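In our numbering, the protein residues as written are 9 to 398.
Taking it in order: structure first as structure tokens, then the write-up.
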Amino acid sequence: MSARLAVLVAELRDELVAVRRDIHAHPELGRTEVRTTALVADRLRAAGLTPHLLPGSGLVCDIGPGPATSGRKRIALRADLDALPVQETSGVPWASTVKGVTHACGHDVHVAAVLGAGLALAQVADELRTGVRLVFQPAEEVQPGGALDVVAAGGLDGVAEIYAFHCDPKVDVGHVGTRIGPITSASDEVTVTVSGPGGHTSRPHLTGDVVFALGQVITQVPAILGRRLDPRSGVNLTWGAVQAGSAHNAIPATGTVRGTLRCLEVRAWEKASEVFHAAVEQVVAPLGVTVDVRHHRGVPPVENAEHATGILEAAARDVLGAGSVLLTEQSLGGEDFAWYLTKVPGAMARLGTRTPGGHTYDIHQGDLRVDERAIEVGALLLARIAVLAG
Numbered sequence: 009m010s011a012r013l014a015v016l017v018a019e020l021r022d023e024l025v026a027v028r029r030d031i032h033a034h035p036e037l038g039r040t041e042v043r044t045t046a047l048v049a050d051r052l053r054a055a056g057l058t059p060h061l062l063p064g065s066g067l068v069c070d071i072g073p074g075p076a077t078s079g080r081k082r083i084a085l086r087a088d089l090d091a092l093p094v095q096e097t098s099g100v101p102w103a104s105t106v107k108g109v110t111h112a113c114g115h116d117v118h119v120a121a122v123l124g125a126g127l128a129l130a131q132v133a134d135e136l137r138t139g140v141r142l143v144f145q146p147a148e149e150v151q152p153g154g155a156l157d158v159v160a161a162g163g164l165d166g167v168a169e170i171y172a173f174h175c176d177p178k179v180d181v182g183h184v185g186t187r188i189g190p191i192t193s194a195s196d197e198v199t200v201t202v203s204g205p206g207g208h209t210s211r212p213h214l215t216g217d218v219v220f221a222l223g224q225v226i227t228q229v230p231a232i233l234g235r236r237l238d239p240r241s242g243v244n245l246t247w248g249a250v251q252a253g254s255a256h257n258a259i260p261a262t263g264t265v266r267g268t269l270r271c272l273e274v275r276a277w278e279k280a281s282e283v284f285h286a287a288v289e290q291v292v293a294p295l296g297v298t299v300d301v302r303h304h305r306g307v308p309p310v311e312n313a314e315h316a317t318g319i320l321e322a323a324a325r326d327v328l329g330a331g332s333v334l335l336t337e338q339s340l341g342g343e344d345f346a347w348y349l350t351k352v353p354g355a356m357a358r359l360g361t362r363t364p365g366g367h368t369y370d371i372h373q374g375d376l377r378v379d380e381r382a383i384e385v386g387a388l389l390l391a392r393i394a395v396l397a398g
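Printed below as a string of structure tokens:
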């Protein structure tokens, strides 16, 4: 089966690259991925499959025997469809044609690879021991994530395990990074708004000094979290934007600071909201201001199951070679694939997209380039995972 899948995926190589370039040139933001959904659906229908469109955007598509025939639940392979609000600067001929939007996270590669795995598996469907569900989800970049949309629409019904990968431009093509347990971080958005009557900077004692209060929140609250939560949980509060005032000699009536709160460990994540709110309120309490605290829960950490990680690694060694599997570090980035893993076991790997000896790029940057050989690698790896997991 492994050799047969390698031949089938190789035959699709040029088409999958063309699909990826088409998607890259026409990126769509979260929950607007109508064109991308239609492109994938049309190709699946051309292969004799029956994709099921999800509300708004995204789709799922089943291949091989269903539970009634096999007596076993399906294995799911997931791709994310959306792009980022980032201006592309890569200079490639297939660069984004949409101003201010590009696939700077590699989701176009994910889509092409899952599509390729599905098309190859469809040609050996009679030999599959259990069914496979392709999941093309919207809005991974929009917290708390389109994975919840898929779950709400029944996209995981009848699924026993789910697998995915994420492009990693720090890893050479032909290699994958894996890790048992948490591989990403919880990632939340936080906003603190401080208000007061405003006043003249010569008389701060007669008003609530909003700017001073914001300064205390910015410097003290991260330190308090580091003392109130287990330091092994990797709690990280980083501010990204501050707005307050417009004149050098006027104390403004309001000011806001916004940032991200990340946790490597799910139990700390569950407790962090309570500690964060209390810390902000206690810091500003003596300063004569009022405070509004908003904690927008994002995603929990992706926690790879040991059994599923073993299957993923076995598939990689089978199709890529014994030295293809690398131990990857846990990232502070968030990934809504985590929501699926709260429902069923599974695993996510990091797929190498760097040309050996070439430049190391970073995701979420407009100059991102990927070695497109990663598309065939990803498609073959996912197809082999589905067979082994089944």
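From the three backbone atoms N, C-alpha and C, an ideal C-beta is built for every residue, glycine too.
All values derive from a computational prediction rather than experimental measurement.
Exercise. Could you give the residue range of the beta strand (DSSP E) that holds residue 170?
Worked result: By one-based count along the sequence shown, residue 170 stands at place 162. 167-180 is the extent of the beta strand (DSSP E) around residue 170.
For this session: Using the DSSP secondary-structure output, state which residues sit across from residue 356 in a beta bridge.
Result: Within the sequence shown, numbered from 1, the residue matching residue 356 stands at position 348. DSSP lists 172 as partners of residue 356.
Exercise. At what residues does the beta strand (DSSP E) containing residue 71 begin and finish?
Worked result: Reading the sequence shown from its first residue, position 63 is the one you call residue 71. Where residue 71 is concerned, the enclosing beta strand (DSSP E) stretches over 67-71.
Exercise. When the Cβ atoms of the stretch 202-219 are set against those of the stretch 258-275, are three or more pairs found closer than 8 Å?
Worked result: yes
Exercise. Can at least three beta-carbon pairs, one atom from the stretch 389-397 and one from the stretch 102-120, be found at a separation below 8 Å?
Worked result: no
Exercise. So what's residue 237 in DSSP terms, helix, strand or just coil?
Worked result: On the sequence shown, position 229 is the one that residue 237 refers to. Three-state DSSP puts residue 237 in coil, outside helix and strand.
Problem set entry | Between the CA atoms of residue 110 and residue 264 - distance to the nearest angstrom | The residue you call residue 264 lines up with position 256 of the sequence shown. The residue you call residue 110 lines up with position 102 of the sequence shown. Rounded to the nearest angstrom, the two C-alpha atoms are 29 Å apart.
Problem set entry | Three CB pairs or more closer than 8 Å across the stretch 25-39 and the stretch 141-154 | yes
Exercise. Under three-state DSSP, which class holds residue 102?
Worked result: Translated into positions along the sequence shown, residue 102 becomes position 94. Looking at residue 102 - three-state DSSP - the assignment turns out to be coil, as it is neither helix nor strand.
Exercise. By how many angstroms is the C-alpha of residue 135 removed from the C-alpha of residue 336?
Worked result: Counting from 1 along the sequence shown, the entry for residue 336 is found at position 328. Counting from 1 along the sequence shown, the entry for residue 135 is found at position 127. Those two C-alpha atoms are separated by around 33 Å.
For this session: Name the one or two DSSP bridge partners that residue 116 has.
Result: On the sequence shown, residue 116 is found 108 positions in, with the first residue counted as 1. DSSP, once it has assigned bridges, lists no residue as partnering residue 116.
Problem set entry | residue 16 and residue 128 closer than 7 Å at C-beta | In the sequence shown, residue 16 corresponds to position 8, counting from 1. In the sequence shown, residue 128 corresponds to position 120, counting from 1. Yes. Within cutoff.
For this session: Run through the stretch 272-319 for me and flag every whole alpha helix (DSSP H) of 4 or more residues, listed as ranges in chain order.
Result: 274-292
Exercise. Are there 16 or more other CB atoms within 10 angstroms of the CB of residue 81, so buried, or fewer, so exposed?
Worked result: Looking up residue 81 in the sequence shown gives position 73. Residue 81 should be labelled buried.
Exercise. Any idea which residues DSSP pairs residue 247 with across the strands?
Worked result: Here residue 247 corresponds to residue number 239 of the sequence shown, with the count starting at 1. Looking at the DSSP assignment, residue 247 forms a beta bridge with 267.
Exercise. Contact between the stretch 282-299 and the stretch 229-249: three or more CB pairs below 8 Å?
Worked result: yes
Exercise. Do the CB positions of residue 249 and residue 275 come within less than 7 Å of each other?
Worked result: Taking the sequence shown and counting its residues from 1, one reaches residue 249 at position 241. Taking the sequence shown and counting its residues from 1, one reaches residue 275 at position 267. No, they are not a contact pair.
For this session: My understanding is that residue 203 touches residue 297, with C-beta atoms under 8 Å, so please give their C-beta distance in whole angstroms.
Result: Numbered from its first residue, the sequence shown carries residue 203 at position 195. Numbered from its first residue, the sequence shown carries residue 297 at position 289. Right, their Cβ atoms sit about 6 Å apart.
Problem set entry | Three-way DSSP call (helix, strand, coil) for residue 193 in this model | Locating residue 193 in the sequence shown gives position 185, where the first residue counts as 1. Looking at residue 193 - three-state DSSP - the assignment turns out to be coil, as it is neither helix nor strand.
Exercise. Residue 363 by DSSP, collapsed to three states: which one?
Worked result: Translated into the one-based positions of the sequence shown, residue 363 becomes position 355. DSSP places residue 363 in coil when its eight states are reduced to three.
Exercise. Opposite residue 185 in the DSSP bridges: which residues?
Worked result: Here residue 185 is taken as the residue at index 177 of the sequence shown, counted from 1. In DSSP, residue 185 forms a bridge with 334 and 358.
Exercise. Identify the residues that DSSP records as bridge partners of residue 78: which are they?
Worked result: Within the sequence shown, numbered from 1, the residue matching residue 78 stands at position 70. Bridge partners of residue 78: none, in fact.
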